[in-house]
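Here the protein sequences line up with chains U and Y, keeping their order.
Numbered per full-length UniProt numbering, the first sequence spans residues 1 to 157.
Numbered per full-length UniProt numbering, the second sequence spans residues 1 to 157.
Beta carbons are placed, not taken as given, at the ideal position from N, Cα and C, and that holds for glycine.
2 protein chains.
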Amino acid sequence: MTKVEYNLDQVDYKILRLMQDNGRINNADIARELGMAPSAILERVKKLEQKDVILKYSAKINPAAVDQKLLSFIFIKSNDIIGEQRVGLALAEIPEVQEVHDIAGDDGYLIKVRTTDSTGLVDLMRNTLGKVEGIISTRTTIVLQTVKEDQQVVIPE
Amino acid sequence: MTKVEYNLDQVDYKILRLMQDNGRINNADIARELGMAPSAILERVKKLEQKDVILKYSAKINPAAVDQKLLSFIFIKSNDIIGEQRVGLALAEIPEVQEVHDIAGDDGYLIKVRTTDSTGLVDLMRNTLGKVEGIISTRTTIVLQTVKEDQQVVIPE
DNA sequence: CATTCTTTCAGAATAATATTCATAATTAAT
DNA sequence: ATTAATTATGAATATTATTCTGAAAGAATG
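Rendered as structure tokens:
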């Protein structure tokens, strides 16, 4: 348990807002936006990366373009002991599983899964989930339509 | 309803894999990786952006670093008619709401919300959700711990 | 306060990448 | 086959990234 101090200031927040919105914005543009030198921006961005404030950069790909049209959420009850997460880690290794959350109340997980279609989902549940030791039951929720989906976080001040 | 043809080939898939993993990878590096000229990569990437295969680039920010430590999922029952989504669109406008999915079965939505803490969640539910017309009921699920969270999509071939 | 230590920034110099464009190669269409 | 359309290359130029030195600003110390 390492308590981390982030100590971000107003300038950091501005940089984060810009980069959250456009992960490929360049230092020169950020510098222009904030009225600073590019070299100063570079230093700050590197620091933000090192402090794990910025965790990753990624291109968001249209799931339909790669034939992953079905989105589902599955509640999974497991026999994991509190704290450990044998099942959770096994679930996390499945490529179609985008998220694994340990949830309160149900000694279980909520996972988010993308497959080609319902057949792909059934296959995944049978062939992959079925082989994970410790799963007691599942309850699947199919998404008909996604109205919003991003990971933009609210940045203070 | 516009049926779109994406027509992606092996090279596109390789580019997508690289960019999904590192949204800031540069054309020169992709070119080296694929044994092509940087200018050719640039053209393809631009095309992928225009065809909405690549939807967005973004920096993933550590929620804890900006004091958004609590993640919750909320099922929301609404009186929206099938197809319309008055409530869904209203929910999508809330900055703390990262995702809004129209789900099968319950004439309702599943939303993903980040707040500072449980107090922030209660405030949001009272002050913001409470003002959305058409919400019949809610059921909240608190996330204790996240094991995995990304939007990496499985890319074929 | 003065001094030291630390952090952050600016600005210049250089390295690397992005972008453009004309041409060649490849692929698809008829 | 021939033409048309797409995609790639390679060179030239524009921009940006990166490094580095010194200055400025802040924090900590006595």
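- For chain Y, the residues of the segment 41-67 of chain U that bring a beta carbon within less than 7 Å of one of its beta carbons are ASP52, VAL53, ILE54, LEU55, LYS56, TYR57, SER58, ALA59, LYS60, ILE61, ASN62, PRO63, ALA65, VAL66, ASP67, in chain order.
- Of the candidates Y/ASN79, Y/ALA28, Y/LYS46, Y/ALA28 places its Cα closest to the Cα of Y/PRO38.
- Neighbourhood of Y/ARG114 in chain U, by CB distance below 8 Å: VAL153, VAL154, in chain order.
- Under a criterion of Cβ atoms nearer than 8 Å, the residues of chain Y adjacent to U/PRO95 are, in order, GLN152, VAL154.
- For Y/ASP102 and Y/THR141, the gap between their C-alpha atoms comes out near 17 Å.
- Looking only at U/ASP67, U/ILE76, U/ASN26, the smallest Cα-Cα distance to U/THR119 is reached by U/ASP67.
- Taking all protein chains shown into account, Y/GLN85 has 16 or more neighbouring C-beta atoms within 10 Å of its C-beta and is therefore buried.
- Between the alpha carbons of Y/ILE76 and U/TYR13 lies a distance of about 32 Å.
- Between the alpha carbons of Y/THR146 and Y/ALA31 lies a gap of roughly 35 Å.
- Taking 8 Å as the cut-off, the beta carbon of Y/VAL143 is found closer than this to the beta carbon of Y/LEU71.
- One alpha carbon belongs to Y/LEU129, the other to Y/GLY83, and they sit about 21 Å apart.
- A direct Cα-to-Cα measurement between U/ASN7 and U/VAL53 gives close to 10 Å.
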